[in-house]
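**Student:**
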Amino acid sequence: IGNITLRNGFVRSATFEGGVYSTGHLKKEFIQMYEDLSEGRTGLIITGMMSVTPKELPLPGAVTLYSGSGQRNLRELVDIVHSKDGKIMPQLAIMGSQVHLAEGEERQLFSPSGIQELAYKTVSQPLSVRAIKELITDIANGAKVVQESGADGVQLHGAHGYLLSHFLTPYYNHRDDQYGGSLVNRA
Numbered sequence: 001i002g003n004i005t006l007r008n009g010f011v012r013s014a015t016f017e018g019g020v021y022s023t024g025h026l027k028k029e030f031i032q033m034y035e036d037l038s039e040g041r042t043g044l045i046i047t048g049m050m051s052v053t054p055k056e057l058p059l060p061g062a063v064t065l066y067s068g069s070g071q072r073n074l075r076e077l078v079d080i081v082h083s084k085d086g087k088i089m090p091q092l093a094i095m096g097s098q099v100h101l102a103e104g105e106e107r108q109l110f111s112p113s114g115i116q117e118l119a120y121k122t123v124s125q126p127l128s129v130r131a132i133k134e135l136i137t138d139i140a141n142g143a144k145v146v147q148e149s150g151a152d153g154v155q156l157h158g159a160h161g162y163l164l165s166h167f168l169t170p171y172y173n174h175r176d177d178q179y180g181g182s183l184v185n186r187a
């Protein structure tokens, strides 16, 4: 979103906090944590993952950037951090099939090629090219919300078995279109 200068090299890495009530409001202890990190002079705070698409259920307590309450929550966090001269970079994520389902819970999950998830044994549907393009738009819209919030940057979650990492690895990505095959296509 632009160049930033950090007050020091201490970076608080993304850690999922679950700081939002089911009503959509931020929990007091969640707000306090961001205040404490800023007052402690952390150079950069990378938030826990924030959901960018209504096509999947977010983790309970996640900030959802596609909802009005999620956008207000992000703005509040940015204002808190900036009021203490800190820098904040929201992390955007799409989980895909890396989801723990409660026993008996049924939900439509998606992945690059429909390969069973190793960690949770979940089964997913392969994404169509159209669905991939819609998710790319959702990520872009999430990044726009981050930019409009006044945050200092954005981080895409491409690790830990979430959707973007599944596109990167040939184990999960067996596609033979523009999103599969070579590393360039998978990335």
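Residues 1 to 187 (the numbering used here) are what the sequence shown spells out, left to right. Note that beta-carbon positions come from the ideal geometry of N, C-alpha and C, so glycine has one too. None of the values given here were measured: they were computed from a predicted structure.
1) Starting from Ala93, follow the beta strand (DSSP E) in both directions and report where the run begins and ends.
2) Please report the Cβ distance between Glu35 and Ile80, rounded to the nearest whole angstrom; I am assuming they are in contact, meaning their Cβ atoms lie under 8 Å.
3) Whole angstroms is fine: what's the gap from Leu59's alpha carbon to Gly18's?
4) Given a cut-off of 8 Å on the beta-carbon distance, is the pair Val99 and Asp177 in contact?
5) In whole angstroms, what is the alpha-carbon distance linking Lys144 and Gly161?
6) Our contact map puts Gly24 next to Ser83 with C-beta atoms below 8 Å; I'd like the distance itself, whole angstroms only.
7) If I follow the unbroken beta strand (DSSP E) through Leu44, where does it start and stop?
8) Quick one: grab the DSSP three-state call for Phe169.
9) Between Gln116 and Ile46, how many whole angstroms is the CB-CB distance? I'm expecting something under 8 Å.
10) For His166 and Met49, which I take to be in contact (beta-carbon distance under 8 Å), what is that distance rounded to the nearest angstrom?
**Tutor:** Let me lay it out:
1) Where Ala93 is concerned, the enclosing beta strand (DSSP E) stretches over 88 to 93.
2) About 6 Å separates the CB atoms of Glu35 and Ile80; that is less than 8 Å, so the two are in contact.
3) Rounded to the nearest whole angstrom, the CA to CA distance from Leu59 to Gly18 is 8 Å.
4) Contact: no.
5) Whole-angstrom Cα-Cα distance: 25 Å.
6) Gly24 to Ser83, Cβ: 22 Å. No contact.
7) Taken as a continuous stretch (DSSP letters only), the beta strand (DSSP E) holding Leu44 covers 44 to 51.
8) Phe is not the amino acid found at residue 169; the sequence shown has Thr there. Coil, per DSSP.
9) 31 Å between Cβ atoms; not a contact.
10) So it is not a contact: roughly 15 Å between Cβ atoms.
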